[in-house]
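In the UniProt record's numbering, the protein residues as written are 1 to 314.
Note that beta-carbon positions come from the ideal geometry of N, C-alpha and C, so glycine has one too.
Being a predicted model, the structure only gives us computed values, none of them experimental.
Notes follow once the structure below has been shown.
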């Protein structure tokens, strides 16, 4: 197992190196001069040139990339152009917020998606199955920004049950933190719940038709034991796969939801860094997101062995 994890980590280094090349190149082709945005339109060309020299933006791109890559090797993510402060503290300040939102959204998706998928498979070709299918397709199809605004209108404006936006750290006020996270988590988790429900249904239908499930039923085992011990566990591999892929997407894809609900996480940091042409912050956000997706994929592979003892990694 250790050798497998080590091989996966080493095998991911070329991918992460390619990500650094792409993100560095793409940030440099964005329109707009960071020095001009920093100084304003009234700044003289001489002052803009001076700031570009101080920021190192006048050097060849390959030299800038090499310096940034060497800083990454040493654990230095650079300094923000906008605030002239280290990027690493900015990242570690915003990352827990997005992690909390992503995990909360994943919990909502699992609680809704897996039971709905199992129920649809057990009631195949019935009204329940059709209802779950419609729910899943609706969850995947409804845009996050529309669902978020709809939830704010219903639960914040009309019913006045939940504050419309904002964020409070859990160690400051846990109850208010969970309350403020509820609507964003439902907004993000709904689409994921639809995908999980569809994969769970299809996987369960395939497993329920297997000989060992029919044998378990013929032996007189209770329906719950057959479904949850024999069928669901063997049907979990595709479901775990889609959960792992979606969780990686949640970490970097919560931009719209965080904007709608004014959550100071990775999404808003990404948008602000794009508008301000804050290259070091933008590069760090994209790189950390890519690294998170890679690590989640490795963890997903390890979960396969925990779910199915027949799977062994060497």
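When we look at the beta-carbon of residue i and count the other beta-carbons within 10 Å, is it buried (16 or more) or exposed?
i           : result
residue 196 : buried
residue 111 : exposed
residue 185 : buried
residue 97  : buried
residue 214 : exposed
residue 267 : buried
residue 68  : buried
residue 84  : exposed
residue 59  : exposed
residue 56  : exposed
residue 175 : exposed
residue 204 : buried
residue 93  : exposed
residue 51  : buried
residue 113 : buried
residue 10  : exposed
Candidates the options: which alpha carbon is nearest residue i's?
i           : options            : result
residue 19  : 288, 304, 225      : 288
residue 137 : 29, 70, 192, 234   : 192
residue 28  : 198, 283, 298      : 283
residue 240 : 273, 266, 302, 79  : 302
residue 34  : 286, 295, 278      : 278
residue 228 : 208, 244, 238      : 208
residue 62  : 10, 226, 21        : 21
residue 77  : 299, 24, 276, 203  : 24
residue 199 : 255, 140, 50, 148  : 140
residue 160 : 172, 144, 180, 105 : 180
residue 237 : 250, 49, 299, 177  : 299
residue 315 : 235, 254, 280      : No answer is possible for residue 315: it lies beyond the span of the chain, which begins at 1 and ends at 314.
residue 244 : 9, 256, 294        : 294
residue 280 : 65, 134, 51        : 65
residue 75  : 212, 45, 91        : 91
residue 256 : 144, 54, 276, 124  : 144
residue 155 : 103, 39, 290, 182  : 182
residue 102 : 190, 210, 54       : 190
residue 258 : 276, 247, 271      : 271
residue 164 : 274, 261, 36       : 261
residue 292 : 264, 263, 131, 247 : 247
Which partner residues does residue i have in the DSSP bridge list?
i          : result
residue 86 : 79
Identify the continuous alpha helix (DSSP H) that holds residue i and give its terminal residues.
i           : result
residue 207 : 174-208
residue 267 : 266-275
residue 67  : 61-73
residue 52  : 45-55
residue 36  : 34-39
residue 315 : In the structure displayed, the chain extends from 1 to 314; residue 315 sits before or after that span and is not available.
**Asked** Which full runs of the beta strand (DSSP E) of 3+ residues lie inside the segment 107-150, going along the chain?
**Response** Whole beta strand (DSSP E) segments, 3+ residues: zero.
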